[in-house]
Amino acid sequence: MKRFKWIRRRELPVPTWPVILLLALGMLVAGLAFVLGVHPFLAVSEPADEPDLLVVEGWMADYNLPTVVEEFRKGPYQRIGATGIALDQGSFLQEYKSFGEVTAATLRKMGIADSELLVGATTDTRRHRTYTAAKALKQAVNESGLEVDSLTVFSQAAHARRTWMTFQKVFGEGVDVGIVALPDENYDNDRWWGSSSGIKTVGMELIAYVHELLLDSGRSATE
Numbered sequence: 716m717k718r719f720k721w722i723r724r725r726e727l728p729v730p731t732w733p734v735i736l737l738l739a740l741g742m743l744v745a746g747l748a749f750v751l752g753v754h755p756f757l758a759v760s761e762p763a764d765e766p767d768l769l770v771v772e773g774w775m776a777d778y779n780l781p782t783v784v785e786e787f788r789k790g791p792y793q794r795i796g797a798t799g800i801a802l803d804q805g806s807f808l809q810e811y812k813s814f815g816e817v818t819a820a821t822l823r824k825m826g827i828a829d830s831e832l833l834v835g836a837t838t839d840t841r842r843h844r845t846y847t848a849a850k851a852l853k854q855a856v857n858e859s860g861l862e863v864d865s866l867t868v869f870s871q872a873a874h875a876r877r878t879w880m881t882f883q884k885v886f887g888e889g890v891d892v893g894i895v896a897l898p899d900e901n902y903d904n905d906r907w908w909g910s911s912s913g914i915k916t917v918g919m920e921l922i923a924y925v926h927e928l929l930l931d932s933g934r935s936a937t938e
């Protein structure tokens with residue numbers, strides 16, 4: 716009768732030290748490539764050719780607006796569109812109820828005429844904010860009678876790639892959508908990992924981009 720064995724001996728192959736070092740080096744290189752490449756990937760700039768419309772996301776900081784106005788003045792644009800969801804705070808203290816309206820009023824102060832402005836304002840502040848703002852602007856474009864074959868959206872730093880993708884979904888394949896990423900002065904854009912603001916912004920925007928890419932940020936077909 717065979718004796719019962721509690722333990723069975725087996726040979727387990729393990730990598731040699733050179734292989735382990737090579738794997739560690741590969742992981743280090745991959746990590747370094749991610750750290751150095753993720754912000755330029757998210758903060759993309761690919762403006763459209765001969766755009767009819769310049770779009771500025773209304774939530775952006777005021778320090779970026781002079782660049783937007785300068786670009787509008789020298790570019791081929793017919794109109795400048797301001798997008799923005801409803802204000803989360805301060806709407807009871809002023810006449811403006813959305814970021815789009817605030818930005819439009821600021822642009823007027825900077826010399827943009829009413830005839831050059833389109834405002835895509837929305838009262839929805841809870842979900843799919845970029846998507847909702849883009850839809851509101853598209854509606855404003857349709858109501859204005861402006862023929863838009865191409866447009867360039869001005870966004871802020873790491874938010875740009877998600878904005879680009881979302882606006883392309885809203886305006887459709889028949890419209891050439893470009894993007895320009897303006898700097899975010901809350902952190903060093905070239906060394907984003909050096910501050911909590913940079914880490915939080917890049918981390919959240921990367922997650923949000925993947926969520927939009929794969930799942931349309933959870934939107935249903937009816938939205």
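Numbering (this note's numbering), first residue to last: 716 to 938. C-beta: ideal position from N, C-alpha, C; glycine also.
With the cut-off set at 8 Å, would you say residue i and residue j are in Cβ contact?
i, j, result
"residue 837", "residue 877", "no"
"residue 859", "residue 765", "no"
"residue 790", "residue 769", "yes"
"residue 896", "residue 875", "yes"
"residue 792", "residue 829", "no"
Within 10 angstroms of the Cβ of residue i, are there 16 or more other Cβ atoms? Answer buried if so, exposed if not.
i, result
"residue 857", "exposed"
"residue 788", "exposed"
"residue 794", "buried"
"residue 681", "Examination of residue 681 is not possible in this model, given that the chain is present from 716 through 938 alone."
"residue 796", "buried"
"residue 817", "buried"
Could you check the C-alpha separation between residue i and residue j for me, to the nearest Å?
i, j, result
"residue 809", "residue 815", "14 Å"
"residue 919", "residue 930", "16 Å"
"residue 934", "residue 886", "16 Å"
"residue 780", "residue 863", "22 Å"
"residue 802", "residue 812", "6 Å"
"residue 868", "residue 740", "40 Å"
"residue 750", "residue 758", "13 Å"
"residue 804", "residue 733", "59 Å"
"residue 851", "residue 786", "23 Å"
"residue 776", "residue 761", "21 Å"
"residue 831", "residue 774", "20 Å"
"residue 822", "residue 888", "29 Å"
"residue 722", "residue 921", "48 Å"
"residue 743", "residue 737", "10 Å"
"residue 825", "residue 756", "31 Å"
"residue 939", "residue 800", "Beyond the ends of the chain as shown, which are 716 and 938, falls residue 939; an answer cannot be given."
"residue 833", "residue 855", "7 Å"
"residue 726", "residue 745", "32 Å"
"residue 783", "residue 747", "33 Å"
"residue 965", "residue 827", "Residue 965 lies beyond the stretch modelled for the chain, which goes from 716 to 938, so this question has no answer here."
"residue 900", "residue 735", "41 Å"
"residue 718", "residue 724", "15 Å"
Looking only at its chain, what residues have a beta carbon closer than 8 Å to the beta carbon of residue i, apart from the 5 residues adjacent to it on each side?
i, result
"residue 902", "909, 910, 912, 913, 916"
"residue 898", "779, 871, 872, 904"
Which whole-angstrom value describes the C-beta separation of residue i and residue j, a residue pair presumed to lie in contact below a C-beta threshold of 8 Å?
i, j, result
"residue 848", "residue 835", "6 Å"
"residue 772", "residue 798", "6 Å"
"residue 879", "residue 754", "Between residue 754 and residue 879 the Cβ distance is about 15 Å, and since that is not below 8 Å, they are no contact."
Residues in its own chain within less than 6 Å of residue i by CB, not counting five upstream and five downstream?
i, result
"residue 883", "892"
"residue 932", "843, 926"
Should residue i be flagged as near chain D, meaning a C-beta pair shorter than 8 Å?
i, result
"residue 770", "Looking for chain D here will not work: only one protein chain is present."
Skipping 5 residues on each side, what residues in its chain have a beta carbon closer than 7 Å to that of residue i?
i, result
"residue 763", "865, 866, 867, 891, 892, 893"
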